[in-house]
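K.L.:
Position in the sequence shown (from 1) plus 2 gives the number in the numbering used here. The structure that follows is given in the form of structure tokens.
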Amino acid sequence: MSWKTYPKVELHLHHEGAAPPAFIRGLAQEKNVDISKVFDERGHYAYENFVHFLSVYEAATSVLRTPEDYARLTRAVLEESAAHGVVYSETFLSPDFCGGGDVEAWREYLHAIEEVADEAEKTLGITLRGVITCIRHFGPEKARPIAVCAAETKGGFITGFGIAGDEGKGKPRDFTWAFDCAREAGLHLTAHAGEWGGPQSVRDALTDLKVERIGHGVRAIEDLALVDELAEKGVTLEVCPGSNVTLGLYPNWRRHPIEQLRERGVKVTVSTDDPPFFHTTMTREFEELERAFGWDAEVFGEITRTALDAAFCDEDTRARIAKKLESAE
Ligand SMILES: [Zn+2]
């Protein structure tokens with residue numbers, strides 16, 4: 003069978019970063035907010051580099067203000083993912099943008115998101131789980147209430163905690179309080195590292211934050227001892243090749259280290275990160291990987307099962323999704 007009809011599992015998707023530009027433009031018009039600067043003449047998100055990307059991202063998402071906005075966003079994101087065959091998705095949610103880190107306000111946003119996710123499970127056949135992320139460049143103090151939001155709302159839907167944002171700001175160890183709080187609440191942990199930071203940032207995330215998965219982690223390839231350690235420990239990397247290539251981390255798909263990491267035994271998975279910002283989809287990721295490395299249905303099947311094994315959901319959900327994968331084989 004072709005990978006094109008094979009169900010996909012995605013572990014690394016930023017909720018606001020997945021917002022279709024047309025959806026954001028429509029919302030801005032409704033609210034009479036001028037965010038024309040964030041779009042190019044073709045209506046795509048426009049930015050020049052990673053730091054500029056972060057500011058465009060924040061400007062675009064500034065129109066998302068109410069739980070109802072997030073309900074509509076969730077619907078738009080899930081429709082898009084389901085259209086590309088995704089049957090299980092984990093999305094990064096930031097209470098910083100949903101109620102400013104206040105637990106009660108966050109609960110209202112979460113309720114709105116969860117309601118849409120439940121409905122989409124029935125109508126679109128896609129299961130969504132939420133991983134709460136603090137934002138690194140907002141600093142460690144701001145991360146604390148976000149970890150409390152995560153701990154207070156842990157449950158069937160909220161399954162993990164992580165950190166996103168500018169890897170150039172601060173160190174993982176600055177965030178140990180937040181990660182300890184989330185771990186004690188029983189949440190699974192992940193952290194962005196080894197994208198803009200080198201191999202040491204991956205080591206620091208593993209040692210200081212004791213995470214199970216690494217968001218990106220691709221620059222581990224610059225230190226083969228670390229690559230072997232990741233393989234031995236079974237750490238899963240949430241690799242987002244299209245994001246890395248678009249942001250210029252690697253000059254093209256063939257130069258991306260995902261294949262080398264996989265060959266050395268590292269558990270790699272494939273995700274889109276902020277798909278419309280990087281002009282990608284899960285279909286495009288798979289197409290480019292097929293073209294660059296000759297990956298076939300067998301490799302994509304293996305990648306998908308690796309992703310499901312590393313998913314932060316409960317065992318019942320994992321078994322249910324596993325059945326979907328098996329029946330597609
Ligand atoms: Zn990311």
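Note that CB positions come from ideal geometry on N, CA and C, so glycine has one too. Remember, predicted model here, so these are calculated numbers, not experimental data.
Identify the residues that DSSP records as bridge partners of S57: which are they?
P.N.:
Answer is none; S57 lacks a bridge partner.
K.L.:
Using a 10 Å radius around the Cβ and a threshold of 16 neighbouring Cβ atoms, would you call H258 buried or exposed?
P.N.:
Buried, by the Cβ-count rule.
K.L.:
Assuming S203 and H14 form a contact by the criterion Cβ under 8 Å, report the distance between their Cβ atoms to the nearest whole angstrom.
P.N.:
Rounded, the Cβ-Cβ distance is 16 Å, inconsistent with contact.
K.L.:
Alpha carbon to alpha carbon, what distance is there between I160 and L75?
P.N.:
Rounded to whole angstroms, L75 to I160 spans 17 Å at the Cα level.
K.L.:
Excluding the five sequence neighbours on either side, which residues of its own chain have a C-beta within less than 6 Å of the C-beta of F280, listed in chain order?
P.N.:
The residues are G244, S245, T248.
K.L.:
Do you know how far the Cα of F295 is from the Cα of Q335?
P.N.:
Missing from the structure shown is residue 335; the chain here goes from 3 to 331 and no further.
K.L.:
Where F99 and A166 are concerned, what is the direct C-alpha to C-alpha distance, given to the nearest angstrom?
P.N.:
About 13 Å.
K.L.:
Identify, in the order they occur along the chain, each residue of the same chain with its Cβ nearer than 6 Å to the Cβ of C151, setting aside the five sequence neighbours on each side.
P.N.:
Within the same chain, C151 has close Cβ partners P97, V105, W108.
K.L.:
Checking the sheet assignment: what are the DSSP bridge partners for L217?
P.N.:
Correcting the residue type first, residue 217 is Gly in the shown sequence and not Leu. Beta-bridge pairing links G217 to H194, E240.
K.L.:
Given a threshold of 16 other Cβ atoms within 10 Å of its Cβ, counted over all protein chains shown, does G103 qualify as buried or as exposed?
P.N.:
Buried, by the Cβ-count rule.
K.L.:
Out of E304, E317, E60, point me to the one whose CA is closest to E331's CA.
P.N.:
Taking only the C-alpha atoms, the option nearest E331 is E304.
K.L.:
Roughly how many angstroms lie between the CA atoms of T178 and V241, to the nearest whole one?
P.N.:
Approximately 24 Å between the Cα atoms of the pair.
K.L.:
Can you give me the Cβ contacts of T282 inside the same chain, cut-off strictly under 6 Å, excluding the 5 residues immediately before and after it?
P.N.:
Correct list, in chain order: G244, T274.
K.L.:
Drop a sphere of 10 angstroms on the beta-carbon of P253, count the other beta-carbons inside from all chains shown, and report buried for 16 or more, exposed for fewer.
P.N.:
Classification for P253: exposed.
K.L.:
Taking any heavy atom of ligand 1 as the mark, which residues have a C-beta closer than 6 Å to it, listed down the chain?
P.N.:
In chain order, the hits are H14, H16, A166, H194, G217, D275.
K.L.:
Can you confirm whether the region 80 to 93 touches the region 49 to 65 when touching is taken to mean that 3 or more C-beta pairs between the two stretches lie within less than 8 Å?
P.N.:
No, the region 49 to 65 is not in contact with the region 80 to 93.
K.L.:
For A166, list the residues DSSP reports as bridge partners.
P.N.:
BP columns for A166 point to I137.
K.L.:
Tell whether a beta-carbon distance below 8 Å holds between K6 and M284.
P.N.:
Contact: no.
K.L.:
Compare the C-alpha of K173 against each of W297, G188, A145 and name the closest.
P.N.:
Closest by alpha carbon: A145.
K.L.:
Identify whether L80 lies in helix, strand or coil by the three-state DSSP scheme.
P.N.:
Three-state DSSP puts L80 in a helix.
K.L.:
Which parts of the region 265 to 326 are runs of the alpha helix (DSSP H), unbroken and 4 residues or longer, counting only runs that do not cross its ends?
P.N.:
The region 265 to 326 contains these whole alpha helix (DSSP H) runs: 284 to 295, 299 to 312.
K.L.:
For Y59 and P278, I'd like the C-alpha separation in whole angstroms.
P.N.:
Near 11 Å, if we compare the C-alpha coordinates of P278 and Y59.
K.L.:
Between the alpha carbons of Y72 and K33, how many angstroms are there, rounded?
P.N.:
Distance between the alpha carbons of Y72 and K33: 14 Å.
K.L.:
With respect to the alpha helix (DSSP H) encompassing L13, which residues constitute its N-terminal and C-terminal limits?
P.N.:
From DSSP, L13 is part of no alpha helix (DSSP H) but of the beta strand (DSSP E) over 10 to 16.
K.L.:
Which two residues bound the contiguous alpha helix (DSSP H) that contains T209?
P.N.:
Counting along the chain, the alpha helix (DSSP H) containing T209 begins and ends at 201 to 210.
K.L.:
When DSSP labels each residue in this structure, what does I160 get in the three-state scheme?
P.N.:
If DSSP states are grouped into helix, strand and coil, I160 belongs with the strands.
K.L.:
Keeping to the same chain, check which residues put their C-beta closer than 6 Å to that of I337; ignore five residues upstream and five downstream.
P.N.:
The structure shown does not extend to residue 337, since the chain is modelled only from 3 through 331, so no value can be given for it.
K.L.:
Could you have a look at V150 and say whether DSSP puts it in helix, strand or coil?
P.N.:
DSSP places V150 in helix when its eight states are reduced to three.
K.L.:
May I ask which residues mark the beginning and end of the beta strand (DSSP E) holding L126?
P.N.:
It is not in any beta strand (DSSP E) - L126 carries neither H nor E in the DSSP assignment.
K.L.:
List the DSSP bridge partners of V229.
P.N.:
None, per the DSSP bridge assignment.
K.L.:
Look at the alpha carbon of I216 and the alpha carbon of A187, and state the distance between them as a whole number of angstroms.
P.N.:
The alpha-carbon atoms of I216 and A187 are separated by roughly 20 Å.
K.L.:
Per DSSP, what kind of secondary structure is Y252 in: helix, strand or coil?
P.N.:
Looking at Y252 - three-state DSSP - the assignment turns out to be coil, as it is neither helix nor strand.
K.L.:
Along the chain, which unbroken stretches of the alpha helix (DSSP H) at least 4 residues long are found entirely within the region 19 to 65?
P.N.:
Here the runs fully enclosed are 23 to 32, 52 to 63.
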